[in-house]
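Down below is the structure, laid out as structure tokens.
Residue numbers (the working numbering): 2 to 296.
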């Protein structure tokens, strides 16, 4: 028989000062977890979200098909899907869905890009200069709580009824959250990081570029997510201004004729597009600022 060497177990006395090793636990995703303590909010919620959507749609179908809710107030999912199919294939008594979609996308993203180009530098300047903060803070804080419909008549009087007031209204709804998020982000860098950069010979502009701006990026990206959400919520109000195309105009026109199925179809399209863009912004956030939440 071959020689077999049996290693004797190592016995650690209770008085030993060596700390116990952290247990290694395999998670469902295949990643190793080195701590037995649970982090608040950890784990994927995709399955729960899918089940929630399925349950809500099932309740909607049951309530409308049995007759608990009249079609005027809430049509069946089949009726909404039928309208979506007709608009998608151009069979509806209106412009095809893709024309409404492109018109709304042009307005929202033109205003959003314009807001990013202007509001982010303004917010950065507000965070770095008390003079700039003193100039821009009063008007921002004044108009930020105002609903867009409050100053819509003024925009129509000043800029007419073409594309300019529509884009301007969405731009104003995106500008304030972006500027305020950038201003708040400029204060994210700790004083220790700034002093460490100065001690290594960095200039004032190098501190801003290499220390403060990277620290502000998570807040700026969150501001972009919030701003695009405000932009989509302002879409319907913006397309009240003599629009003949757009998702908001389609919803408003259908509401005048009590076409609840078209209204709900338009609301679903607007919500899905906004949610997809939010997912895109989350991906950008994970890619650009992977250190967020780990410092």
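Beta carbons: idealized from backbone N, C-alpha and C, even for Gly.
Do the stretch 261–276 and the stretch 211–223 make contact, defined as three or more Cβ pairs closer than 8 Å? The stretch 261–276, when compared against the stretch 211–223, does not touch it at the 8 Å Cβ threshold.
Count the other CB atoms within 10 Å of the CB of residue 186; is the residue buried (16 or more) or exposed (fewer)? Within the chain shown, numbered from 1, the residue matching residue 186 stands at position 185. Counting Cβ neighbours within 10 Å, residue 186 comes out buried, since at least 16 surround it.
Buried versus exposed call for residue 167 [16 or more other C-beta atoms within 10 Å across all chains shown]: Your numbering for residue 167 matches position 166 in the chain shown. Residue 167 counts as buried, since at least 16 other C-beta atoms from the protein chains shown sit within 10 angstroms of its C-beta.
Let's test the definition: count the other Cβ atoms within 10 Å of the Cβ of residue 240 and tell me whether it reaches 16, buried, or not, exposed. Counting from 1 along the chain shown, the entry for residue 240 is found at position 239. Counting Cβ neighbours within 10 Å, residue 240 comes out buried, since at least 16 surround it.
If you run the structure through DSSP and keep just helix, strand and coil, what is residue 1? In this structure the chain extends from 2 to 296, so residue 1 is not present and cannot be described.
Quick one, which of 254, 245, 289 has its alpha-carbon nearest residue 164's? Taking the first residue of the chain shown as 1, we reach residue 164 at position 163. Residue 245 is the option with its Cα nearest to residue 164.
Just verifying my parser: in three-state terms, what is the DSSP assignment at residue 277? Start at 1 with the first residue of the chain shown, and residue 277 comes out as number 276. Under the three-state reduction of DSSP output, residue 277 falls in the helix class.
Below 8 Å on the Cβ atoms is my contact criterion, and I expect residue 105 with residue 247 to pass it. Report the Cβ-Cβ distance as a whole number of Å. As a working note, residue 105 is residue 104 in the chain shown. As a working note, residue 247 is residue 246 in the chain shown. Here residue 105 really is in contact with residue 247; their C-beta atoms are around 5 Å apart, less than 8 Å.
Buried or exposed: where does residue 176 fall if 16 or more other Cβ atoms within 10 Å of its Cβ makes it buried? Looking up residue 176 in the chain shown gives position 175. Its Cβ being crowded by 16 or more others within 10 Å, residue 176 is buried.
Closest to residue 192 by C-alpha separation, out of 208, 225, 88, 117, would be which residue? Numbered from its first residue, the chain shown carries residue 192 at position 191. Residue 208 is the option with its Cα nearest to residue 192.
Close-in-space but distant-in-sequence residues of the same chain around residue 66 (CB under 7 Å, 5 per side omitted): Taking the chain shown and counting its residues from 1, one reaches residue 66 at position 65. Answer for residue 66: 77, listed in chain order.
Quick check on this structure: which residue in 100, 224, 170, 275 has the alpha carbon closest to the alpha carbon of residue 117? Indexing the chain shown from 1 puts residue 117 at position 116. Answer by Cα proximity: 224.
Where do the ends of the alpha helix (DSSP H) carrying residue 92 lie? Translated into positions along the chain shown, residue 92 becomes position 91. Element bounds for residue 92: n/a, residue is neither H nor E.
Do residue 181 and residue 141 have their CB atoms nearer than 9 Å? Here the question's residue 181 lines up with position 180 in the chain shown. Here the question's residue 141 lines up with position 140 in the chain shown. Yes, they are a contact pair.
Identify, in the order they occur along the chain, each residue of the same chain with its Cβ nearer than 7 Å to the Cβ of residue 145, setting aside the five sequence neighbours on each side. What you label residue 145 is simply residue 144 of the chain shown in a count that begins at 1. Closer than 7 Å at Cβ, skipping near neighbours: 177.
If you count every other CB in all the chains shown that lies within 10 Å of the CB of residue 276, and 16 or more means buried, which is it? Here residue 276 is taken as the residue at index 275 of the chain shown, counted from 1. When all chains shown are included, residue 276 counts as exposed.
Helix, strand or coil, according to DSSP, for residue 163 in the structure here? Start at 1 with the first residue of the chain shown, and residue 163 comes out as number 162. Coil.
From this set, 242, 254, 179, 255, which residue's C-alpha is nearest residue 1's C-alpha? Only positions 2 to 296 of the chain appear in the structure, and residue 1 is not among them; the question remains open.
Taking 9 Å as the threshold (C-beta atoms), are residue 90 and residue 174 in contact? Within the chain shown, the letter at position 173 stands for residue 174. Within the chain shown, the letter at position 89 stands for residue 90. Going by C-beta atoms, residue 174 is not nearer than 9 Å to residue 90.
Straight-line CA distance for residue 120 to residue 195? As a position in the chain shown, residue 120 is number 119, starting the count at 1. As a position in the chain shown, residue 195 is number 194, starting the count at 1. Rounded to the nearest angstrom, the two C-alpha atoms are 25 Å apart.
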